[in-house]
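J.:
Number of protein chains: 2
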Amino acid sequence: MGVIVQKFGGSSVADAARMKRCAAKVARMRHDGHEVAVVVSARGDTTDDLLELAAEVGDSLDKRELDQLLATGEQISIALMALVLKAEGVDAVSLTGSQCAIRTDSAHGRARIQTIDAARIRSELAAGRVPVVAGFQGVAENGDVTTLGRGGSDTTAVAVAAAIDADECQIFTDVDGIYTADPRLAPDARLLETIGYDEMMEAASQGAKVMHLRAVELGKKSGVPIRVLHSQREGPGTLITDEARNMETQRAVTTVALKTDIGRVTLAGLPNKPGLQRTIFAPIAAAGISVDDIIQTEALGAQGREGGPDFAQSHADTPPSGLCNVVFTVDKPDLAEVRPLVERSLEAIGHGRLHVDIGLAKVSAVGVGMQSQPGVASAMFKALAEAGVRIANITTSEIKISCIVDEADGKKGLRAVHEAFDLSATASEPRR
Amino acid sequence: MGVIVQKFGGSSVADAARMKRCAAKVARMRHDGHEVAVVVSARGDTTDDLLELAAEVGDSLDKRELDQLLATGEQISIALMALVLKAEGVDAVSLTGSQCAIRTDSAHGRARIQTIDAARIRSELAAGRVPVVAGFQGVAENGDVTTLGRGGSDTTAVAVAAAIDADECQIFTDVDGIYTADPRLAPDARLLETIGYDEMMEAASQGAKVMHLRAVELGKKSGVPIRVLHSQREGPGTLITDEARNMETQRAVTTVALKTDIGRVTLAGLPNKPGLQRTIFAPIAAAGISVDDIIQTEALGAQGREGGPDFAQSHADTPPSGLCNVVFTVDKPDLAEVRPLVERSLEAIGHGRLHVDIGLAKVSAVGVGMQSQPGVASAMFKALAEAGVRIANITTSEIKISCIVDEADGKKGLRAVHEAFDLSATASEPRR
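Residue numbers (the working numbering), protein chains in the order written: chain A, -18 to 413; chain B, -18 to 413.
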């Protein structure tokens, strides 16, 4: 007997028939003796419909009012889901973010959960009811309705699970779990039984869209095991949990991910003085734009040039020029907002050139095992080279290697790397 | 300079163009130096759409969950209205029932407002913003969302006006104001400049659907002048205010109203012992059904009969039989629920006959002036007689005379009475 949080996304509750299938999953868990709390998102296209309504009435981008508006999407879902559960014989009670005191900061549209008052949820569970909690929304200290931004309902589910000390947080999605690569890109990808929090976070930030980064991060912080499952099909799904449990598999690479729609900003020939990076990135952070990778290299003095786009190439025996190149990537839609900010920063710096690129993708190999196994990066570069994929930039972390490539090469690159690390369903035994 | 509450109903905010016209009315009031708070209903068919969604997912009639669901309708309206106001250059902030602490009892679907915390609304006004408050909804002590039932948004508007001590509560509707009779029934009906609270309440309860009874009642209790206006047209509307101001007009009858869809329950031959009425009406009240008129007469002993449907006719010199007849009316849709309750009561009473009627209407003349002017009832009966309308039941109050007639005669009866009291727009001078 345990406490389980089950989260159903927008497509899982899009109509009455689907909601009934969700309710059956809740009923079965209860039948098996578990206490169940449910978190739901807005149904199907509700959020888009609401945004359209807002666009009709004015071009105001008032984030407080948008949150007030958007939060109705989840409120509709929780009431309907409670009605469905009751119709299926499961006593239930719907709770808005405000009603179960999901306190957030007041950053409308991308608020962060600070605390959840578990008392209300616990008392409903104790009374034998299923609390149905609105995902994606919270309430600021002044009583304003806030929303958590993309993937917010996953975050709500994990936060609720943490608050009530649940044994597992089940995220029902439209996929069977986490694969070694996106099966739409690599058809022979294999479903993983488990994946570590860190691996999942790297995969999520590298383009695996199954779960949102913040939810996994919160899962790791609070130690809540997260299970990703298909909402309309049977199957064990994938358990996201502590790395240690996966070590036995000895795999160097767990997943390969492809991120497209990358915007790249290259700043060349910058005077590398203390505070340079702050000048560039503070305005971008203040605008609330997420920067993905940041790569900095020192330019070399040879031939009086500050280094072109190929600055990452090594020129042996040429001393640093005192200048540097900074490259960073953002989501392509953010480029329009980023460009004037960077132009202004460049003016303040007084020296340097700006180049903005689109049409790029990023292939990443993620695996906690690569920490202890040499040659992973080399194997990845070899795979890409053999596939004829040119590598524009490289970044690495403890458990990840990312290569920025031409967008047209993205899929080919992903498949080559996926095959190189024997991740396919037909691979009998991991080699490295 | 004053404080004005403006309430816009569902049809007034049904689309962006209409919302802009509402915003223009707010802007003009502000331009004239007034502080304005706004109350809005759910847009157009939103409430019906939500009820349909609920019907799709289950046949549960869980009133708490229905309230949770329905309240989203007004929440969508307030957010959109705030966005429209901002787009039109008027600073605004939307507030749910919970955010401005509209505390109600926990009678879901027909909750009553207990208190409103005016502090939030006042502070928004003081900051130069227009608070846009969700009508129809409130919050129970345990944090549950409640709805006020039919006409709830009018009640919210008047309650907000009372809480912030507003100078006037303007109810924007799809009519130009209060007429001497419904212009669709009596085309020569005249727009009233003012009407008394009591007159308006009688008119509302007698079938004039412009404003809900509870809102007028609350206006009277709190002394808030209520102005009924057209949301899409210009005009002074009708001011609902203290009776005294209207006395000068010397009119006996202010409005004539027609109520259709009446269900009549006749109980004949009941032993008139203490507690009889309680036995009949307690279960009906407990079921939350509103009883309209109650008429009781003592039956006469003549011919050993307890009195048929004609019991109201006088039989001089026949002593009371110790039996009585009780007639009451309810809305026709409530009859199905009322009938078994009354049957059970009749069993408990042990004696009596039950007859249920539909196909009836009620013509009422309402006027505070009739208190001081004799002959009003007689003039009304004369008008109905001359029009060939048979009167089935009669009830009167201090300021109202109602006649129940065949539904087919309703419109004819209304027109005859309207004419008899010289209420038409062409009447040069009131005669009585």
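From the three backbone atoms N, C-alpha and C, an ideal C-beta is built for every residue, glycine too.
Inspect the beta-carbon positions of L251(A) and G348(A) and report whether they are closer than 7 Å.
T.: no
J.: Give a yes or no on whether the C-beta atoms belonging to I382(B) and S326(B) are separated by under 7 Å.
T.: Going by C-beta atoms, I382(B) is not nearer than 7 Å to S326(B).
J.: What is the rounded straight-line gap between the Cα of S468(B) and the Cα of S345(B)?
T.: Beyond the ends of chain B as shown, which are -18 and 413, falls residue 468(B); an answer cannot be given.
J.: Could you tell me which residues DSSP puts in a beta bridge with A170(A)?
T.: The partner list for A170(A) (beta bridge, DSSP) reads S405(A).
J.: What runs of the alpha helix (DSSP H), each 4 residues or longer, lie entirely inside the region 75 to 107 of chain A?
T.: Complete alpha helix (DSSP H) runs here, min 4: 99 to 107.
J.: Using the beta-carbon of each residue, which ones in chain A are nearer than 7 Å to A35(B)?
T.: Under the 7 Å cutoff, chain A gives L61 and L64.
J.: Leaving out the 5 sequence neighbours to the left and right, which residues in its chain are closer than 7 Å to K202(B) when beta-carbon positions are compared?
T.: none
J.: Quick check: A208(B) and L194(B), are their CB atoms within less than 7 Å of each other?
T.: A small correction: the amino acid at residue 208(B) is Arg; Ala does not occupy that position in the sequence shown. The Cβ atoms of R208(B) and L194(B) lie no closer than 7 Å to each other.
J.: With a cut-off of 7 Å, does the C-beta of Q56(B) fall near any C-beta of chain A?
T.: Using beta-carbon distances, Q56(B) counts as an interface residue toward chain A, with a partner under 7 Å.
J.: Let me see if you follow: with CB-CB separation under 7 Å, is S75(B) close to chain A or not?
T.: yes
J.: Would a check of beta-carbon distances place Q118(B) closer than 7 Å to chain A?
T.: no
J.: So, do the region 15 to 24 of chain A and the region -14 to -3 of chain A have three or more beta carbon pairs nearer to each other than 8 Å?
T.: Contact holds: three or more Cβ-Cβ distances are below 8 Å.
J.: Could you check the C-alpha separation between G289(B) and L51(B) for me, to the nearest Å?
T.: With a pLDDT of only 46 at G289(B), under the threshold of 50, the placement of this residue in the model should not be trusted, and no figure is reported.
J.: Are the beta-carbon atoms belonging to L64(B) and V38(A) less than 7 Å from one another?
T.: yes
J.: To be precise: take each residue of the region 370 to 401 of chain A, compare its Cβ to all Cβ atoms of chain B, and keep it if any distance is under 7 Å. Which residues remain?
T.: none
J.: Interface residues of chain E around G39(A) at Cβ under 7 Å?
T.: Absent here is chain E; the protein component of the structure consists of chains A and B.
J.: Applying the criterion that 16 or more other CB atoms from any shown protein chain within 10 Å of the CB defines a buried residue, is H399(B) buried or exposed?
T.: Classified as buried, H399(B) has 16 or more neighbouring CB atoms from the shown chains inside 10 Å of its CB.
J.: With distance defined between alpha-carbon atoms, name the residue in A268(A), I97(A), F309(A) and P168(A) nearest to Q277(A).
T.: F309(A)
J.: Counting only runs that start and end within the region 122 to 177 of chain B, where is the beta strand (DSSP E) found for 3 or more residues in a row?
T.: 126 to 128, 149 to 154 and 175 to 177
J.: Whole-angstrom Cβ separation of S75(B) and E46(A), contact assumed at under 8 Å?
T.: 6 Å
J.: So, S302(B) versus A280(B), is the Cβ gap smaller than 7 Å?
T.: Taking a C-beta distance under 7 Å as the contact criterion, S302(B) and A280(B) qualify as a contact pair.
J.: I want to see whether chain A comes within less than 7 Å of T53(B), judged by CB atoms only; does it?
T.: yes
J.: In chain B, which residues lie with their C-beta within 7 Å of the C-beta of D72(A)?
T.: At a beta-carbon threshold of 7 Å, none of the residues of chain B lie near D72(A); the nearest stands roughly 10 Å away.
J.: L365(B) and A162(B) look like a contact to me (Cβ under 8 Å); what is the Cβ gap, rounded to whole Å?
T.: Contact doesn't hold; Cβ gap of about 14 Å is too wide.
J.: With L327(A) as the anchor, note down where its beta strand (DSSP E) starts and where it stops.
T.: Note, L327(A): premise wrong, no beta strand (DSSP E); alpha helix (DSSP H) at L316 to I330.
J.: Going by the DSSP bridge assignment, what does D417(A) pair with across the sheet?
T.: Outside the modelled stretch of chain A, which goes from -18 to 413, sits residue 417(A), for which no answer is possible.
J.: Touching or not, the region 51 to 60 of chain A and the region 117 to 131 of chain A, by the rule of three or more beta carbon pairs under 8 Å?
T.: yes
J.: Residues in the same chain with beta-carbon distance under 8 Å from Q294(B), minus the five sequence neighbours each way, listed in chain order, please.
T.: In this prediction, Q294(B) has a pLDDT of 49, which is less than 50 and means its spatial position is unreliable; nothing more can be read from the coordinates.
J.: Taking the C-alpha atoms as reference points, what is the distance between A401(A) and E367(A)?
T.: The straight-line gap from Cα to Cα measures roughly 10 Å.
J.: For Q(-13)(B), name the three-state secondary structure that DSSP assigns.
T.: strand
J.: Assuming K67(B) contacts A60(B) (C-beta within less than 8 Å), just tell me the rounded distance between them.
T.: Rounded to whole angstroms, the Cβ separation of K67(B) and A60(B) is 11 Å, and the two are not in contact under 8 Å.
J.: With a threshold of 7 Å between beta-carbons, can I270(A) be considered close to chain B, or not?
T.: no
J.: What separation, rounded to the nearest whole angstrom, lies between the Cα atoms of K254(B) and I339(B)?
T.: Rounded to the nearest whole angstrom, the C-alpha separation of K254(B) and I339(B) is 29 Å.
J.: In the structure shown, what three-state DSSP assignment does I380(A) receive?
T.: coil
J.: Quick one: is R110(A) buried, meaning 16 or more other Cβ sit within 10 Å of its Cβ, or exposed?
T.: buried
J.: Tell me where the beta strand (DSSP E) around L220(B) begins and ends.
T.: Going by DSSP, L220(B) is part of the beta strand (DSSP E) stretching over T219 to T222.
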